[in-house]
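To convert, count from 1 in the sequence shown and add 8; that's our numbering. To start, the structure itself, in structure tokens.
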Amino acid sequence: MPSTDAVLEHHLSTFGEQDLAGVMEDYTEESVVVTNMGTFEGLDEIEGLFEDLFAEFSQEGATIDMQQETVEDEFAYIVWQAETPENVYEFATDTFYIPDDEILFQSFAGKRSPKD
Numbered sequence: 009m010p011s012t013d014a015v016l017e018h019h020l021s022t023f024g025e026q027d028l029a030g031v032m033e034d035y036t037e038e039s040v041v042v043t044n045m046g047t048f049e050g051l052d053e054i055e056g057l058f059e060d061l062f063a064e065f066s067q068e069g070a071t072i073d074m075q076q077e078t079v080e081d082e083f084a085y086i087v088w089q090a091e092t093p094e095n096v097y098e099f100a101t102d103t104f105y106i107p108d109d110e111i112l113f114q115s116f117a118g119k120r121s122p123k124d
């Protein structure tokens with residue numbers, strides 16, 4: 009049985025590889041992702057969110073710098089910074105609730121500034 013650590017590492021790894029099918033293995037139809045850009049419920053909406061993120065982060069020159077990873081029981085918390093040709097993510101954080109080896113709830117907040 010995977011642990012919270014293992015699910016988080018799988019999620020971060022498949023995101024870094026831009027592996028949409030791999031990322032979606034971590035979610036269920038009951039999963040919810042809440043962001044400052046909207047709330048995404050279920051596999052179809054969450055997949056659409058990641059399609060948009062991959063379109064941005066697949067561009068040449070995009071970088072992500074992980075600042076912190078913390079796991080406590082069924083919860084995981086990350087802090088990161090990133091830059092893409094379109095945006096600078098000065099500060100970003102995700103919190104994950106991972107019971108039963110799947111991401112049931114995720115929240116994202118960040119300061120994203122468009123490049124002019």
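No residue lacks a Cβ here, since even glycine has one placed at the ideal position from N, Cα and C. Computed from a predicted structure; not experimentally measured.
#1: Given Gln75, which residues of its chain have a CB within under 7 Å of its CB, disregarding the five upstream and five downstream residues?
#2: Assess, as a yes-or-no matter, whether the stretch 47-59 is touched by the stretch 78-85 under the definition of 3 or more beta carbon pairs within less than 8 Å.
#3: Ordered along the chain, which non-local residues of its own chain (more than five positions away) have a Cβ less than 7 Å from that of Val42?
#4: In chain order, which continuous runs of the alpha helix (DSSP H) of length 4 or greater are located wholly inside the stretch 27-82?
#5: Where does the unbroken alpha helix (DSSP H) through Ser21 begin, and where does it stop?
#6: What residue range does the beta strand (DSSP E) around Glu98 cover?
#7: Can you give me the Cβ contacts of Phe83 inside the same chain, cut-off strictly under 8 Å, excluding the 5 residues immediately before and after it?
In terms of the structure at hand:
#1: Val87, Trp88, Gln89
#2: no
#3: Ser115.
#4: 28-32, 50-65
#5: 12-24
#6: 95-105
#7: Thr12, Thr103, Phe104, Tyr105, Ile106
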